[in-house]
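Engineer: Per the working numbering, the sequence shown runs over residues 130 to 211.
The beta-carbon is built from N, C-alpha and C at its ideal position, and this holds for glycine as well.
In this text the structure is predicted, and so the values were computed from the model without any measurement.
Pasting in a structure now, in structure tokens, and then I'll have a few things to ask.
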Amino acid sequence: MALLITDECINCDVCEPACPNDAISEGDDIYVIDPDLCTECIGHFDEPQCVVICPVDCIPKDPDHVENESDLLAKYKRITGK
Ligand code: SF4
Ligand code: SF4
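Here it is, written out as structure tokens:
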């Protein structure tokens with residue numbers, strides 16, 4: 130699954146540069162994740178880097194974007210061309 134930032138986000142900006150896929154950006158009110166670019170960090174890291182770094186723990190899985198590990202790996206390959 131892609132991940133999702135909830136309205137508990139405090140706009141601290143630490144997750145944006147931590148994302149290896151440039152999937153995180155500043156939205157109108159809170160930071161947002163582009164589900165087409167989020168691979169849960171599969172292909173890059175063992176753990177989702179935004180979840181590891183977020184100080185308020187506001188990045189759950191996005192139930193509207195259900196994907197298994199092979200889906201996420203395919204997305205990683207599409208994004209990176211590897
Ligand atoms: Fe980016 Fe990884 Fe967080 Fe997805 S899980 S938004 S790829 S840092
Ligand atoms: Fe929001 Fe967490 Fe990202 Fe900070 S690290 S901008 S609180 S989602």
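Below 8 Å, how does it come out for the segment 146 to 155 and the segment 190 to 199: are there three or more Cβ pairs, yes or no?
Structural biologist: No, the segment 146 to 155 does not touch the segment 190 to 199.
Engineer: Lys204 by DSSP, collapsed to three states: which one?
Structural biologist: In the structure shown, Lys204 sits in a helix (DSSP, three-state: H, G or I).
Engineer: Helix, strand or coil: how does DSSP classify Val161 here?
Structural biologist: Strand at Val161.
Engineer: In whole angstroms, give me the CA-to-CA distance for Gly172 and Leu202.
Structural biologist: Each residue's Cα considered, the two are about 6 Å apart.
Engineer: What residues in its chain sit with their C-beta under 8 Å from that of Tyr128, if we drop five residues either side in the sequence?
Structural biologist: Because residue 128 is not part of the residues shown, which for the chain are 130 to 211, the question remains open.
Engineer: Using only alpha-carbon positions, find the residue among Pro184, Cys179, Asp175 that is nearest to Asp163.
Structural biologist: Nearest of Pro184, Cys179, Asp175 to Asp163, Cα basis: Cys179.
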